[in-house]
Amino acid sequence: MSYLQKRDPDVARIIQKEYERQVNGLELIASENVVSHAVLEAAGSIMTNKYAEGYPGKRYYGGCEFHDQVEDLARDRVCALFGAEHANVQPHSGSQANMAVYFTKLQTGQKILSMNLSQGGHLSHGSPVNFSGKIYNVAQYGVDLKTEQMDYGQIAEMAKQTKPDLIVCGASAYPRTIDFKAFQEISEDVGAVCVADIAHIAGLVATGLHPTSVGVTDFTTSTTHKTLRGPRGGFVLCREEDGPGIDKSVFPGMQGGPLMHIIAAKAVCFYEASTPAFKEYAAQIIKNAQVLAETLKNEGLRLVSDGTDNHLCLLDLTNLGLTGLAAENALGEAGITVNKNTIPNDQKGPFITSGLRVGTPAVTSRGMKEEEMRKIGTWIAAILKDIDNTSLKAKIHGEVIELASKYTLYPEV
Ligand code: DSN
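Residue 6 is where the sequence shown starts when you use the working numbering, and the numbers rise one by one after that.
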């Protein structure tokens, strides 16, 4: 950062502070991760200097020969990683990947059936405050309130009643395995297109640790920066025959110039995710989440659906008389970063909430294993059970710094 320090010490200082926050803290936000030096170098490279509107071999600017090569590499690698026929790696985010599918398959006013945001879905799946809820008609399913898991019979029934044109499956706060085959069958029965948004679990799907949606549902969308551990961005996977439609929707339909430095970094991420070491990493994410969940349960905390199959667990704080907001703030004081989250049937709004979402992708990237998860679970429980105890939070903060600063911020892959 020597150039930045000379040119703009204000920004350099802020980035240094953020580095210290990341390296000295425990990042348990389920949708976050830390990237390798290789991903960072590609994302911070001179590939940012170029306009490359269009696609490899068909650009609207000269001088794109190396951008063609890197985008081809990214597309080939992501297709090989997931076993897909066609990929578009230009969406700037997961929301834009979803938008590309909607724009390809739906007309304004047509109907989407998707999971409710308050029960684990995502903004871009049809929330009324999002473009998806404004330009399409939306019906939403949730989880069964007893099991707190998806009930495919109920969802099939809802699909028959609401007759959607497109069904979205995939979630941002759902700790259990998703049955993509069941969703495709439900969609086919009602003549709807089926889209799996695998953003949260992409690293688990890529390594075969969660059943895949690719080759099962009509479309798969994802981000690259969660369990997949790449730069911030999105992509769409589909059958060859749907490729031209998706490509047209992304460019010129919704985006201009692709972020070529990020596409270069996505190519690196797709390579890294194909290595045996990444498969071990993904398996450790799940082991860590399960040990963390068990520790929290043994401490008397209640988990939505009573556990986890993936990278996250969802805590119900109702019995402790706490809000997610208060819990997030208290853990933050001890250097443990989490996010408040609504839980099924939450009586509180999304800014207060009765739940907390806790995930293991980032701490696992840093090299932490079961023993550290037990420690972290014990610290979380101690703080939540005695939330106003300032000296306890200060003591745990010291222990958090001691633990976290022993681990590199940059995964070796
Ligand atoms: N907002 C992200 C999450 O935290 O799950 C999903 O885009």
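For glycine and all other residues, C-beta sits at the position ideal for the given N, C-alpha and C.
- The alpha carbon of residue 228 has as its nearest neighbour, out of 302, 170 and 210, the alpha carbon of 210.
- In the three-state reduction of the DSSP assignment, residue 72 falls in the helix class.
- As the crow flies, the alpha-carbon of residue 338 is around 15 angstroms from that of residue 34.
- The shortest CA-to-CA distance from residue 180 to any of 88, 316 and 389 is the one to 316.
- Counting only residues of its own chain and dropping the five nearest sequence neighbours on each side, residue 152 has a CB closer than 8 angstroms to the CB of 310.
- A residue is called buried once 16 or more other Cβ atoms fall within 10 Å of its Cβ, and residue 399, having fewer, is exposed.
- Here the distance from the Cβ of residue 132 to the nearest heavy atom of the ligand DSN is not below 6 angstroms.
- In this structure the region 231 to 238 lies against the region 277 to 295, because at least three pairs of beta carbons, one per stretch, are closer than 8 angstroms.
- Residue state for residue 129 is assigned as helix, using DSSP reduced to three classes.
- Within the same chain, Cβ atoms closer than 8 angstroms to the Cβ of residue 117 are found at 107, 111, 130, 131, 137, 141, 142, 143, 144, 169, 170, 171, 172 and 173, the five residues on either side in sequence being excluded.
- Residue 282 and residue 250 have their alpha carbons spaced roughly 36 angstroms apart.
- Residue 75 and residue 94 have their alpha carbons spaced roughly 11 angstroms apart.
- Relative to the ligand DSN, the beta carbon of residue 177 is positioned inside 6 angstroms of a heavy atom.
- Shortest gap from the CB of residue 218 to any heavy atom of the ligand DSN: 6 angstroms or more.
- Residue 218 is classed as buried because its beta carbon has at least 16 other beta carbons within 10 Å across all chains shown.
- The residue among 347, 387 and 412 with its C-alpha nearest the C-alpha of residue 367 is 412.
- In this structure, residue 36 has its beta carbon less than 6 angstroms from a heavy atom of the ligand DSN.
- Assigned with DSSP and collapsed to three states, residue 29 falls in helix.
- Taking all protein chains in view, the Cβ of residue 381 is crowded by 16 or more other Cβ atoms within 10 Å, so the residue is classified as buried.
- Counting only unbroken stretches of 4 or more residues, the alpha helix (DSSP H) elements lying wholly within the region 281 to 358 are 281 to 303 and 329 to 338, in sequence order.
- Sequence-distant partners of residue 52 (beyond 5 residues in either direction) whose C-beta falls short of 6 angstroms from its own C-beta, in its chain, are 265, 266 and 269.
- With 16 or more other Cβ atoms from the protein chains shown falling within 10 Å of its own Cβ, residue 99 counts as buried.
- The residues 178, 319, 329, 358, 360, 361 and 362, in chain order, have a CB closer than 7 angstroms to that of residue 346 in the same chain once the five nearest residues on each side in sequence are set aside.
- In the structure shown, residue 176 adopts coil according to DSSP, grouped into three states.
- Between residue 245 and residue 90, the gap from beta carbon to beta carbon is short of 7 angstroms.
- Taking 7 angstroms as the cut-off, the beta carbon of residue 120 is found no closer than this to the beta carbon of residue 157.
- By the Cβ neighbour-count rule, residue 42 is exposed, with fewer than 16 other Cβ atoms within 10 Å of its own.
- Within the region 365 to 394, no run of beta strand (DSSP E) at least 3 residues long lies entirely inside it.
- Closest in alpha carbon position to residue 164, among 195, 187, 352 and 175, is 195.
- In the structure shown, the three-state DSSP call for residue 197 is coil.
- Unbroken beta strand (DSSP E) runs of no fewer than 3 residues, entirely contained in the region 47 to 119, are found at 91 to 93, following chain order.
- The DSSP assignment places 198 to 202 and 224 to 228 as complete runs of the beta strand (DSSP E) inside the region 194 to 235, in order along the chain (cut-off: 3 residues).
- A distance below 6 angstroms between beta-carbons, with the five flanking residues on each side excluded, links residue 59 to the following residues of its chain, in chain order: 65.
- Taking the C-beta atoms as reference points, residue 148 is found no nearer than 7 angstroms to residue 189.
- For residue 360, the secondary structure class from DSSP, reduced to helix, strand or coil, is strand.
- Excluding sequence positions up to five before and after residue 351, its CB lies within less than 8 angstroms of the CB of 123, 358, 359 and 360, all in the same chain and listed in chain order.
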